[in-house]
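Residues 269 to 958 (this note's numbering) are what the sequence shown spells out, left to right.
Encoded as C-alpha cells, the structure appears first; notes follow it.
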Amino acid sequence: MSSLLPVLVQTPAHSQVGGTLSYLSELALPAGTLVRVPLGRRETLGIVWDAASQDQAEVDSSRLRPIATALTALPPLTAAWRQLVDFAASYYQRAAGEIALAALPPQLRELSSEQLARRLKRPAAAAGGAPATSLPTLTPEQSQVLGQIEAQAGPFLLFGATGSGKTEVYLRCVQTLLEREPDAQALVMVPEINLTPQLEERFAARFGAEVVVSLHSGMTNPQRLKSWLAAHSGAARIVLGTRMAVFASLPKLRLVVVDEEHDPSYKQQEGARYSARDLAVYRGRLEGAKVILGSATPSLESWHHSRPLTEGGRYVRLLMPSRVGDGGALPLVRRVDMNHQPKHAVFSPPLLEALKGRIAKGEQSMVFLNRRGYAPVLHCSDCEWKSECPHCSAFRVFHKIDRTLRCHHCGFTERVPRACPSCGSPDIRPMGRGTEKLEEHLAELLADVQRPDGTPVRIVRIDADTTKLKGELEAQLAQVHAGEVDVLVGTQMIAKGHDFRRITLVAAANPDSALFSSDFRAPERLFSLLMQAAGRAGRDAGISAQSEMWVQTQHPTHPLYENLKKHDYPGFAAQQLKEREQAGLPPYSFQALVRAEARTQETAQAFLNAASTFGTEAAASLNVTLYPAVPMSVQRVANVERAQMLIESPSRAALQRFLAGWHEVLHEVRQGPEGKGLIRWAVDVDPLTI
Ligand code: ADP
Ligand code: ZN
Ligand code: ZN
C-alpha cells in the first residue's frame with residue numbers, strides 16, 4: 269500500500285499553490301527527505317514536508333501521482349530547518365517552496381541518489397583540532413566579552429570599534445564550541461562576497477581547511493554543492509557565507525555569528541525579501557544556538573534591542589571600545605567648511621595640502637564618494653537637455669572610458685551623441701562628478717607631486733566599473749596592500765571591511781546629500797559608512813603618524829558630523845532614535861511595503877488603492893495604518909511604472925496578522941477589474957528603503 273506524502277516544490281511566487289502538493293509513495297519517507305516528483309510534464313526537485321501543512325480534504329486521490337525518486341542517500345533536512353523555512357515564508361509573505369528550493373544547491377536537481385552518495389563525504393573524524401599556531405593573548409576587553417558570552421544565553425550585540433578584535437572573539441567562540449562538542453557546527457556570516465576569502469583564510473588557518481566551507485552566490489554550482497553537502501552531512505564544522513548561508517543545512521548548529529550586522533546587504537532585495545540578520549536571530553532561538561551580532565555601528569534596530577533589560581531590551585550588549593595594540597588611536601576627524609572654499613572646488617585647498625603631505629611622506633590616502641549615484645549626467649548648456657533614460661525616470665550616466673551613456677537602472681546603453689539631441693549644440697558636457705571624473709581631476713591637481721623616491725604619484729580607482737572582471741578587485745587591492753598606490757579613489761565599496769593597514773588619511777569628498785534624503789535611514793547609513801571609512805585609517809601599529817578622516821561639508825555643525833568627530837556612535841544613535849520615536853518610525857513602528865508594477869502609474873496605483881479599500885476594516889481593528897499609493901522614488905524602470913504603498917503598525921504581531929489576512933485580498937484584487945494590466949506585485953516586510 270502506498271502512502272500519501274506532502275511535498276514542497278518550487279511554485280511561481282504568487283501562484284495560489286502556497287503549501288505542499290500530494291504524491292504517492294511506496295515508502296513512508298520521513299519529512300525532510302529530498303525527492304524528485306512529476307510536476308506537469310517536468311520532473312522537479314521537492315522536499316517531503318510536514319503533514320500539518322497539508323489539507324487532506326482537497327486531495328483527489330484518483331489524480332495523485334507517485335514520486336519519481338527519493339534521494340535517500342542524503343539525510344533528511346531537519347525539523348528545525350523546515351521550521352525556519354515555514355517561518356520565513358509566512359513572515360515575508362512568500363511560498364515556502366520558493367524559499368526552501370532556492371536555499372538548495374542547483375545541482376541537487378540534476379544528480380542521482382547514487383551520484384550524491386559518492387559526493388557525500390564522511391563526517392570529519394577530527395574535532396577541528398586547531399593547528400599549533402600560537403594564539404594572540406586576549407585583550408582585557410576580549411576576555412571580558414568572551415566571559416559574558418560563555419555565561420549568558422544571548423542573543424548578543426557585540427558593539428566593538430573597528431580593529432577592536434571582534435573577529436578574534438568569533439574565532440575563540442567557535443574554538444570553545446568545537447572543543448566542547450564533537451559534532452557542533454557554527455555559521456559565520458559576512459555581508460559581502462569579497463570579504464569571504466579573507467575570513468576563510470583566517471578560519472582555515474585556525475581550524476584547518478577541511479572543516480571550513482564557504483557558501484555564497486559567487487561560487488560555481490559544483491562548489492556550492494560540495495559546500496552544502498559538507499555542511500549537511502556534518503563534515504564541515506564551520507560555514508562562512510553571505511546572507512544566503514542563513515538557510516544552510518546545519519544539523520548541529522550551535523553558534524551563529526553575523527558580522528557587520530548593520531550592513532544592508534543582509535536584506536535580500538528581490539524575490540523573497542528576507543533579512544538574513546533577523547532570520548539568524550530567529551534560527552538561533554529555534555535551534556538553541558548562540559547568536560552574536562557584531563558591528564562598530566550597529567543598526568538602530570539592534571542597538572535599540574540591546575537597551576537594558578529593565579527598559580525592555582532583548583539582546584545583551586557587549587562592549588569593546590578600544591582598538592587592539594598601539595595602532596589604537598582613532599583618526600582625527602577634520603571637517604572642511606565648503607562654504608568658505610573656492611566656488612565649485614571639488615577638493616578644497618586644505619585637503620589637497622594634506623593629501624600632498626601624506627604622499628611626500630610615502631603614506632597612503634583614500635578618497636571616496638558615498639555612492640555611485642554621483643556619477644555625471646550629460647548636460648547641454650544651451651537648452652538644458654540632460655541625458656535622461658528614455659525608459660526610466662532617471663538620468664543616464666556618462667562613462668568616459670568607452671564614451672557611452674548608461675542607465676544604472678535598466679542598463680540601456682548608447683554611444684555618447686556628438687551634439688545635443690534636442691537642439692544640436694555641440695556644447696554638451698558632464699555635470700556632477702563620478703568616481704571616474706574625480707580620479708581624473710585629482711590626477712591633474714596632484715600632477716606635480718612626487719613620492720619620497722622622486723617618482724610620480726600613483727592614483728588608483730576602485731568601483732563597480734573597474735572591478736567587473738573576475739579577479740580585478742583582488743588585483744587592485746593587492747596593489748594597495750603592496751604600497752604601490754598612493755591615493756585610492758572609489759565608492760563605498762572601498763570603505764567597507766577591507767583591512768588597509770597603510771592608509772593614514774581618509775576623505776569623504778561630498779557626503780552631505782544623505783543628511784537631507786527622503787529616506788529616513790540615509791543618515792544612519794552615512795554615519796556608519798563614515799565610521800567604517802575612518803576605521804580604515806591608521807590600522808597599522810607600525811605607522812606612527814596621526815591618521816585623519818576628512819569630511820568636506822556645507823553643514824559642518826550638523827549633529828551627525830559632531831558625533832562623528834567624537835567617534836560617538838551611542839551619541840549619534842541616541843539622537844537618531846529620539847527623532848525616530850517622535851516620528852513613529854522604526855524601531856518604534858513596523859513597516860511593510862506593497863509594490864506594484866504596470867504599464868501606467870494609474871494602473872499600478874489603482875490596484876494598490878483597491879486592495880487598501882478592502883483592507884481598511886481589518887487594518888483599523890488591528891491598529892494598522894494603510895497609506896495611499898504613491899509612485900516609487902525611481903518611478904519608471906525599463907518602461908514599467910512602479911508604485912508602492914506603506915503599511916505601518918506600532919506592533920509587529922498586528923502587522924503580521926494583518927498581512928496574513930490581506931494576502932488573499934491582494935490575490936483577489938489581482939484577478940478582478942482593478943488588477944487588469946498589472947504586471948506584478950510583491951510585499952516587502954521590514955523594508956530597508958522607502
Ligand atoms: P575587528 O574585527 O574588530 O575590526 P579584528 O578582529 O580584525 O578586528 O582585529 C584587528 C587586528 O588586531 C587583526 O589584525 C587581529 O589579528 C589583531 N588582533 C585581534 N585580537 C588581538 C589580540 N588579542 N592580540 C593581538 N592582536 C590582536
Ligand atoms: Zn541642447
Ligand atoms: Zn533606464
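Every residue gets a Cβ at the ideal spot worked out from N, C-alpha and C, and that includes glycine.
Put residue i into one of helix, strand or coil per three-state DSSP.
{"i": "Arg671", "result": "coil"}
{"i": "Trp317", "result": "coil"}
{"i": "Lys558", "result": "strand"}
{"i": "Ala419", "result": "helix"}
{"i": "Met512", "result": "helix"}
{"i": "Arg719", "result": "coil"}
{"i": "Pro941", "result": "helix"}
{"i": "Gln747", "result": "helix"}
{"i": "Ile335", "result": "coil"}
{"i": "Val277", "result": "strand"}
{"i": "Glu682", "result": "strand"}
{"i": "Tyr291", "result": "strand"}
{"i": "Arg925", "result": "helix"}
{"i": "Pro724", "result": "strand"}
{"i": "Ser901", "result": "strand"}
{"i": "Pro698", "result": "strand"}
{"i": "Val774", "result": "strand"}
{"i": "Arg729", "result": "strand"}
{"i": "Val665", "result": "strand"}
{"i": "Val933", "result": "helix"}
{"i": "Val753", "result": "coil"}
Is the distance from the Cβ of residue i to the Cβ of residue j below 8 Å?
{"i": "Glu449", "j": "Arg522", "result": "yes"}
{"i": "Ala819", "j": "Val614", "result": "According to the sequence as given, residue 819 is Val; it is not Ala. No, the Cβ-Cβ distance between Val819 and Val614 is not below 8 Å."}
{"i": "Phe788", "j": "Pro566", "result": "no"}
{"i": "Thr464", "j": "Val592", "result": "no"}
{"i": "Leu483", "j": "Ala513", "result": "yes"}
{"i": "Gly940", "j": "Thr871", "result": "no"}
{"i": "His826", "j": "Leu798", "result": "no"}
{"i": "Leu307", "j": "Gly365", "result": "no"}
{"i": "Val303", "j": "Thr337", "result": "yes"}
{"i": "Pro404", "j": "Glu436", "result": "yes"}
{"i": "Leu518", "j": "Val507", "result": "yes"}
{"i": "Ala240", "j": "Leu706", "result": "The first residue shown for the chain is 269 and the last is 958, placing residue 240 beyond what the model contains."}
{"i": "Arg350", "j": "Ala299", "result": "yes"}
{"i": "Tyr534", "j": "Arg511", "result": "yes"}
{"i": "Val525", "j": "Val635", "result": "no"}
{"i": "Val479", "j": "Arg505", "result": "yes"}
{"i": "Ile627", "j": "Asp716", "result": "no"}
Compute every distance between the C-beta of residue i and the non-hydrogen atoms of ligand 2, then say whether any falls below 7 Å.
{"i": "Ser690", "result": "yes"}
{"i": "Ser655", "result": "no"}
Report yes if the C-beta of residue i is less than 7 Å from at least one heavy atom of ligand 1; otherwise report no.
{"i": "Ser432", "result": "yes"}
{"i": "Pro589", "result": "no"}
{"i": "Pro404", "result": "yes"}
{"i": "Glu830", "result": "no"}
{"i": "Thr444", "result": "no"}
{"i": "Glu712", "result": "no"}
{"i": "Glu469", "result": "no"}
{"i": "Gly300", "result": "no"}
{"i": "Glu378", "result": "no"}
{"i": "Val592", "result": "yes"}
{"i": "Thr464", "result": "no"}
{"i": "Gly428", "result": "yes"}
Jot down the residue ranges of each uninterrupted beta strand (DSSP E) in the segment 780-829, minimum 3 residues, whole runs only, in chain order. 816-821
Whole runs of the alpha helix (DSSP H) within the segment 594-652, excluding any shorter than 4 residues: 617-628
Count the C-beta pairs between the segment 918-936 and the segment 840-860 that are closer than 8 Å, then say yes if the count reaches three, no if not. yes
Where in the segment 830-879 do unbroken runs of the beta strand (DSSP E), each at least 3 residues long, occur, reported from the N-terminal end onward? 858-866
Given 8 Å as the limit, is there contact between the segment 832-847 and the segment 865-884, that is, 3 or more CB pairs closer than that? no
Check whether the segment 940-958 and the segment 864-871 are in contact - that is, three or more C-beta pairs closer than 8 Å. yes
Can we say the segment 364-377 touches the segment 310-317, given the rule of at least three CB pairs closer than 8 Å? yes
With a floor of 3 residues, list each beta strand (DSSP E) that falls wholly inside the segment 419-451, ordered by position along the chain. 424-428
Would you check if there are 3 or more beta carbon pairs closer than 8 Å linking the segment 532-544 to the segment 554-564? no
Touching or not, the segment 582-592 and the segment 409-416, by the rule of three or more beta carbon pairs under 8 Å? yes
At least 3 beta-carbon pairs within less than 8 Å: the segment 790-805 vs the segment 655-668: no
Check whether the segment 909-917 and the segment 830-843 touch, using three or more Cβ-Cβ pairs below 8 Å as the test. no
Pairs of beta-carbons, one from the segment 610-626 and one from the segment 657-665, closer than 8 Å: are there three or more? no
Considering only residues of the segment 478-560, which uninterrupted alpha helix (DSSP H) runs meet the minimum length of 4 residues and lie entirely inside it, listed in chain order? 489-501 and 544-555
Are the segment 673-692 and the segment 712-731 in contact at 8 Å, needing three or more beta carbon pairs? no
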